[in-house]
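Numbering (my numbering), first residue to last: 26 to 191.
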């Protein structure tokens with residue numbers, strides 16, 4: 026797509042960015058889960074991977090509601106965050122430290138998604154695209170819940186174990 030000329034164009038561009046970001050995240054989750062030792066963390070990542078599949082479907086519905094093709098645009102931000110997670114996974118860390126580091130990597134991905142969904146939700150609302158806004162609001166809520174869950178697992182479990190292992 027050419028340079029955005031309207032708020033609608035900007036919404037579509039940002040939706041394409043997050044669509045690609047979600048697909049990158051879906052490819053990254055199985056790799057993260059293989060390196061995780063905490064059952065709670067593994068379950069949280071598995072649940073979110075399943076949610077992400079639904080989020081991709083909602084994005085497809087949003088594209089359809091806007092009357093445009095559901096296609097992604099290279100998301101450099103998520104690409105960088107996934108690369109950082111790969112670097113963490115390549116380190117020779119104890120299982121406890123690996124879990125703590127992977128929570129940080131996963132939360133960075135979540136924070137990017139929260140920022141992105143907050144933006145596109147606001148754009149859809151401003152444009153009066155209520156159906157699209159509702160789809161995006163549901164995903165935004167899931168992303169926030171996942172971030173809160175990861176934070177709780179870190180504070181209540183993983184970080185304590187990592188400190189004892191050090």
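Glycine included, C-beta positions come from ideal geometry on N, C-alpha and C.
Are there 16 or more other CB atoms within 10 angstroms of the CB of residue 80, so buried, or fewer, so exposed? buried
Cβ-based neighbour list, residue 158, same chain, cut-off 8 Å, excluding 5 preceding and 5 following: 146, 149 and 150
Indicate whether the contact test is met: 3 or more Cβ pairs, each with one atom in the region 80 to 91 and one in the region 54 to 63, closer than 8 Å. no
Between 186, 178 and 170, which lies nearest to residue 76 when the distance is taken from Cα to Cα? 170
Going by the beta-carbon positions, is the gap between residue 165 and residue 137 smaller than 8 Å? no
Could you pull the start and end residues of the alpha helix (DSSP H) that residue 197 belongs to? Summary: the structure shown does not reach residue 197, with the chain confined to residues 26 through 191, and so no result is reported for it.
Could you give the distance in angstroms between the alpha-carbon of residue 106 and the alpha-carbon of residue 153? 32 Å
Please classify residue 120: does DSSP put it in a helix, a strand, or coil? helix
Going by alpha carbons, who is nearest to residue 48 out of 103, 38 and 174? 103
Kindly provide the ranges of any beta strand (DSSP E) runs that are 3 or more residues long and lie completely inside the region 81 to 129, ordered along the chain. none
Straight-line gap, residue 175 to residue 31 (C-alpha atoms, nearest Å): 37 Å
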